[in-house]
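The structure appears below as structure tokens.
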Amino acid sequence: MEMILNFPCLCILLTMFSAIISSALNRRWARYLNTFVVTLVGILSAAVLMFTLTSGKSYVYQMGHFPAPFGNEIRFGSLEAGMALFFSVIMLLSLNGGREKIRMEIDPGKEKLYYIMINLLLSSLLALVYTNDIFTAYVFVEINTISACGMIVITEHGRTIEAATRYMIMSLLGSGLFLIGICILYDMTGHLLMEYLYTSISNIMAAGTYRIPMMVAIALIVVGLAIKSALFPFHAWLPDAYGYSTVSSAAMLSSLVSKGYIFLLIKLIYRVIGFEVFFGSRIINVLFVFGLAGMIMGSVSAIRENDIRRMISYSSVAQIGYIYMGFGLGTGAGMVASAFHILSHGATKSLLFVAAVGLTDASGGHKEFDELTGAAYRNRLAGAAFLVGALSMVGIPLFSGFISKLLFAQAAVQSQGKALAALVVLAMSTVLNAIYFMKTVIRIYTPTDKKYEVTAFGYKVSYAITLGCFILLNLLLGLFSQPITNWITQGLTILQ
Amino acid sequence: MNHILLFPIVFPILAGIMLLTVMKYQNRKPLLAYVGTVLGVNALWGLFAMFRVSEGVTVFYLTKSLPIYLKVDTVGRLFASLMVLVWLLGGLFSFEYMKHEKNEQRFYGFYLILCGVLFGLDFSGNLITLYLFYEFMTLTALPLVLHTQTKEAVMAGLKYLFYSFAGAYMALFGVFFIGRYAKTLEFTPGGVIDPSVFRENETLFFVVAMLMILGFSVKAGMFPMHAWLTAAHPAAPGPASAVLSGIIVKGGILALIRVVYEIIGVDFLRGSWVQQWWMILSLLTVFLGSLLAFREPVLKKRLAYSTVSQLSYILFGLSLFEVQAMTGSLLHIIAHVFIKVALFFTAAAIIYMTGCKRVEELRGVAKGMPVTMWCYTIVSLGLIGIPPTSGFISKWYLAEGALHTGIPVFSWLGPVILLLSALLTAGYLLPLSMRGFFPGEGYDAGRFAGKEPPLSMRVPLLIFAGLTLGIGLFPNVFTNILSAAADFLM
Chain L
1 MEMILNFPCL
11 CILLTMFSAI
21 ISSALNRRWA
31 RYLNTFVVTL
41 VGILSAAVLM
51 FTLTSGKSYV
61 YQMGHFPAPF
71 GNEIRFGSLE
81 AGMALFFSVI
91 MLLSLNGGRE
101 KIRMEIDPGK
111 EKLYYIMINL
121 LLSSLLALVY
131 TNDIFTAYVF
141 VEINTISACG
151 MIVITEHGRT
161 IEAATRYMIM
171 SLLGSGLFLI
181 GICILYDMTG
191 HLLMEYLYTS
201 ISNIMAAGTY
211 RIPMMVAIAL
221 IVVGLAIKSA
231 LFPFHAWLPD
241 AYGYSTVSSA
251 AMLSSLVSKG
261 YIFLLIKLIY
271 RVIGFEVFFG
281 SRIINVLFVF
291 GLAGMIMGSV
301 SAIRENDIRR
311 MISYSSVAQI
321 GYIYMGFGLG
331 TGAGMVASAF
341 HILSHGATKS
351 LLFVAAVGLT
361 DASGGHKEFD
371 ELTGAAYRNR
381 LAGAAFLVGA
391 LSMVGIPLFS
401 GFISKLLFAQ
411 AAVQSQGKAL
421 AALVVLAMST
431 VLNAIYFMKT
441 VIRIYTPTDK
451 KYEVTAFGYK
461 VSYAITLGCF
471 ILLNLLLGLF
481 SQPITNWITQ
491 GLTILQ
Chain D
1 MNHILLFPIV
11 FPILAGIMLL
21 TVMKYQNRKP
31 LLAYVGTVLG
41 VNALWGLFAM
51 FRVSEGVTVF
61 YLTKSLPIYL
71 KVDTVGRLFA
81 SLMVLVWLLG
91 GLFSFEYMKH
101 EKNEQRFYGF
111 YLILCGVLFG
121 LDFSGNLITL
131 YLFYEFMTLT
141 ALPLVLHTQT
151 KEAVMAGLKY
161 LFYSFAGAYM
171 ALFGVFFIGR
181 YAKTLEFTPG
191 GVIDPSVFRE
201 NETLFFVVAM
211 LMILGFSVKA
221 GMFPMHAWLT
231 AAHPAAPGPA
241 SAVLSGIIVK
251 GGILALIRVV
261 YEIIGVDFLR
271 GSWVQQWWMI
281 LSLLTVFLGS
291 LLAFREPVLK
301 KRLAYSTVSQ
311 LSYILFGLSL
321 FEVQAMTGSL
331 LHIIAHVFIK
341 VALFFTAAAI
351 IYMTGCKRVE
361 ELRGVAKGMP
371 VTMWCYTIVS
381 LGLIGIPPTS
391 GFISKWYLAE
401 GALHTGIPVF
411 SWLGPVILLL
421 SALLTAGYLL
431 PLSMRGFFPG
441 EGYDAGRFAG
451 KEPPLSMRVP
461 LLIFAGLTLG
471 IGLFPNVFTN
481 ILSAAADFLM
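Read top to bottom, the protein sequences are chains L and D.
Mapping of the first sequence onto our numbering: position 453 corresponds to residue 453, and the numbering continues sequentially without gaps.
Mapping of the second sequence onto our numbering: position 201 corresponds to residue 201, and the numbering continues sequentially without gaps.
Encoded structure:
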């Protein structure tokens, strides 16, 4: 069993080295290596998950020669391992579903670079999930940003270059704030490892000295990560970045990149700032209000949108709002709901992006709703998958989105003072979701006589298998949510 | 053994999905044979299962505290039997009618799925199961509204969807709160909330109850959320409007019975502002619905407004929290199913045979379609409430119940409004009969000659007209069972 303790570190190194090796390979072998590594990371993470679930404990793994409090550490429990597994599964499915589009949209000479970026992205996500050192987290946040920018810009359209620039500016602003926050924390505590930070911060808060600088530092860290994960009103970069990049990039950006930052924030809340300190501060009220505003404004923007990809992107703004609303409730149940929503939204949003590309390709590449009329008949599987994704987003029972809403509502009912606002906005946002998603579903299922050139894409076996897996994943989250919420609850408990 | 309850839910859904995806029928005959067989087998099995099994069945756990649980009781049996009858006869009727519509296979696919979903709704044993099937009912009924895919139908469908979702989420809002305070969400007559807990959070529970009543009554077309009904029902093809107006809207009423009588408990609500507002809104709807129907020239729309009005008779009966009124409501559910389905069948038959949609075009129609118009007249009398028809009995019970409660103002205002609305009902239904049978001078006698619809359309009509008369003549069989059921719920 000692062997398994090496797996998280091995995963990070594996992905980083595969990025380096890929630069020496041709595009075909880079693709094979990437698929192999992502699959391997998934298998290794599954093993770690099984191991941590059975033991019910968390483990600290020392990196390098120096012991704590000076050295660097990896720490993992069941929640971290499960997230790593989830991220690699979604990454594999997103890549597989958009494989044909990658081949079509990316210059053959640059395809290799794309896989390098993907490997780097996975390594940074894994590092964010596993690290026990806040500065290492910062380093990998930057790596994550750079690889995400690369993924957006790789198609070399004017729109994607603009989108990547916007993304870069907002993202750097976020990581800048995050870095300043870390600096202030280091200044006050003298630590970078999470356990030691936690002890120092709770001492400082108990003593009552430096309360305001401490709050400023925490606020900077939280806001930095919120900007990076596109919390309303910092979402201006998002629709372009998700709407015009290649479909695998869009799916991964919405399901993995932003979720990685959110997961880091969950870790920081539990392991650095401390549950009580964080929920005792007024920061959560800000997150709550921005979360609620995002839930409404994201959906309103999505309703006004005439481009299916951008519509799905705006829906992400609303869904990120749900997650921050869960943080803002200030209860353990809210955190569980938010963590579940990371999974549920990740699984649904990547499904929607991949399904939408099947629909647009069946409509001569047009993304406007007029042209999408009847698309579900031209690509039946993509239509069915989009229907599943839409029903899940609207929150119909049996699909994953319903369980998220249920958990959010149950958490809201238990919280003091915020129950009414949360529930009202939850209901409003759900009805708004229903408006644009059901409108799209009706549109794609309305028959038309217009003929479109049938592209081979969308009938590929691998695309069909990907969509099938996505649908299964959604139903799995919707039907068997109890073990998953148990796992999250247990994982959050041992996170501390 | 108890799992046979699942069969009537799962079988038609699978059969419907097969029809939508895998099967390709070139000819009508095998398609209709398939649909007929599925409906027949499912009806027999469903009836067998629901009278045989009385214990509950837990199908699986959505989350640890939320089982998907099926249980049959008298109310469930009543709704399911009505549904089975209408689905069989509606199927028979549509076999002829759907000749002049396109995309039959899709229509029947959703028709079958909806049958399974409705069995699920009627068999639900707890709130979350009810909610699940309620949402699926909304979604699977949508393709029936959209079927013709004209711009009008699509707009009506969207309107239907948004109203329904808005209502469903108002109700879900309540489910969350009740889930927090109740020990169980399983339907229990008298409610599942501890009296002391209720007293502590009285205002909260009243708001929750009102929201759930408003939310679920969207499906039953109660003012102020009734606008979707009069858009959606006329837009659907004939048989679909009949089942929408006859059965689907009753889903909202079933949900209301479950929530008010078996989750919240009437003893808590008696005399509260929730009850008052419910009575006010339902009486307002009774009156407004009739008034709007009176002014409406298009026959199917007129019938849809009439549905709005008549459903609120039922809601008013439910809002009184009294055994006799409740019996009246349950009776009126039966009466309204038979009558409204028959009325919509008449409208469909007229459109199918002549293409006429407006009432004033139909002078002398009874000369050509005597059987149809006789059936129409009989069920119209039933809806107005003239003895010896079922409508008379149910309205009698409703009025008696209202007078019996002794609630100030409403105990007499209710019967007065019911009477006024009955007058209006006569005003909007009977002119068609009168002008149909007695066209007066100067009408084109040849226009409707020989337009009597074929046998498969006449038989369902005759059966429903017969049932309307039958219940009116022999009401005791029903009133005994129903008042026992009402008594049990109190």
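Yeah, the Cβ is synthetic: ideal placement off N, Cα and C, and Gly gets one too.
None of these values were measured; they are calculated from a predicted model.
Check: Who are isoleucine 68/D's beta bridge partners in DSSP?; Outcome: Phe60/D
Check: Quick check on the DSSP output: what are the complete alpha helix (DSSP H) runs of length 4 or more inside the region 257-310 of chain D, in order along the chain?; Outcome: 266-269, 273-295
Check: Helix, strand or coil for tyrosine 61/L per DSSP?; Outcome: strand
Check: Could you compute how far the alpha carbon of arginine 211/L sits from the alpha carbon of serine 124/L?; Outcome: 32 Å
Check: If we define contact as Cβ-Cβ less than 8 Å, is glutamine 105/D a contact residue for chain L?; Outcome: no
Check: Strictly below 9 Å CB to CB, what residues from chain D border isoleucine 303/L?; Outcome: In chain order: nothing, as chain D lies at least about 11 Å away.
Check: Let me know the secondary structure DSSP gives isoleucine 193/D once reduced to three states.; Outcome: coil
Check: Please report the distance separating the alpha-carbon of leucine 492/L from that of tyrosine 138/L.; Outcome: 22 Å
Check: Name the chain D residues that come within less than 8 Å of glutamine 319/L, Cβ to Cβ?; Outcome: Under the 8 Å cutoff, chain D gives no residues; its nearest Cβ is about 17 Å from glutamine 319/L.
Check: Run through the DSSP bridge pairs and tell me what aspartate 307/L is partnered with.; Outcome: Glu368/L
Check: For phenylalanine 288/L, does the three-state DSSP call read helix, strand or coil?; Outcome: helix
Check: Looking at chain D, is there any beta carbon in it that lies within less than 8 Å of the beta carbon of glutamine 410/L?; Outcome: yes
Check: Less than 8 Å between C-beta atoms, sequence neighbours within five positions excluded: which residues of the same chain meet that for serine 164/D?; Outcome: Thr138, Val218, Lys219, Trp228
Check: Output, in chain order, the set of chain L residues within a Cβ distance shorter than 8 Å of lysine 367/D.; Outcome: Ordered by position in chain L, no residue passes the 8 Å Cβ test against lysine 367/D, which lies about 40 Å from the chain.
Check: Just list the residues that DSSP pairs glutamate 73/L with in beta bridges.; Outcome: Gln62/L
Check: Show which residues of chain L have a CB atom less than 7 Å away from the CB atom of arginine 295/D.; Outcome: Neighbours of arginine 295/D on chain L: none; closest Cβ ~31 Å, over 7 Å.
Check: Does the region 5-14 of chain D come close enough to the region 98-106 of chain D to have 3 or more Cβ pairs within less than 8 Å?; Outcome: no
Check: Out of Ser94/D, Leu85/D, Val75/D, Phe162/D, which has the shortest C-alpha to C-alpha gap to aspartate 122/D?; Outcome: Val75/D
Check: Does the beta-carbon distance from leucine 426/L to alanine 411/L come in below 8 Å?; Outcome: no
Check: In terms of residue numbering, what span does the alpha helix (DSSP H) encompassing serine 254/L cover?; Outcome: Premise fails: serine 254/L is in no alpha helix (DSSP H) and is neither H nor E.
Check: Mark leucine 476/L as exposed unless 16 or more other C-beta atoms lie within 10 angstroms of its C-beta, in which case mark it buried.; Outcome: exposed
Check: At a CB-CB cut-off below 9 Å, which residues of chain L make contact with methionine 170/D?; Outcome: Ala427
Check: Whose C-alpha, out of Gly334/L, Leu225/L, Asp361/L, is nearest the C-alpha of alanine 419/L?; Outcome: Gly334/L
Check: Considering only residues of the same chain and omitting the five flanking positions on each side of leucine 482/D, which have a CB-CB separation below 7 Å?; Outcome: Thr327, Leu330, Leu331
Check: Can you give me the start and stop residues for the alpha helix (DSSP H) that lysine 439/L sits inside?; Outcome: 419-444
Check: When you compare the CB positions of isoleucine 201/L and threonine 209/L, do they come within less than 8 Å of one another, or not?; Outcome: no
Check: What is the DSSP secondary structure of asparagine 126/D, reduced to helix, strand or coil?; Outcome: strand
Check: Counting pairs of Cβ atoms below 8 Å between the region 225-241 of chain L and the region 60-71 of chain L, do you hit three or more?; Outcome: no
Check: Just by C-beta distance, which residues in the region 180-194 of chain D are closer than 7 Å to chain L?; Outcome: Arg180
Check: Below 8 Å between beta carbons: does that hold for tyrosine 324/L and glycine 291/L?; Outcome: yes
Check: Does the region 371-390 of chain D come within contact of the region 429-445 of chain D, defined as at least 3 CB pairs closer than 8 Å?; Outcome: yes
Check: How about serine 241/D and phenylalanine 344/D: are their beta carbons less than 8 Å apart?; Outcome: yes
Check: Compare the C-beta of lysine 159/D with all C-beta atoms of chain L and state if any pair is closer than 8 Å.; Outcome: no
Check: Report, in whole angstroms, the separation of the C-beta atoms of alanine 514/L and glycine 294/L, which I expect to be a contact under 8 Å.; Outcome: Only positions 1 to 496 of chain L appear in this structure, which leaves residue 514/L out of reach.
Check: Quick one: measure Cβ to Cβ for leucine 283/D and leucine 413/D, integer angstroms, because I've assumed they're closer than 8 Å.; Outcome: 7 Å
Check: Identify whether aspartate 584/L lies in helix, strand or coil by the three-state DSSP scheme.; Outcome: Any property of residue 584/L remains undetermined from this structure, which presents chain L solely from 1 to 496.
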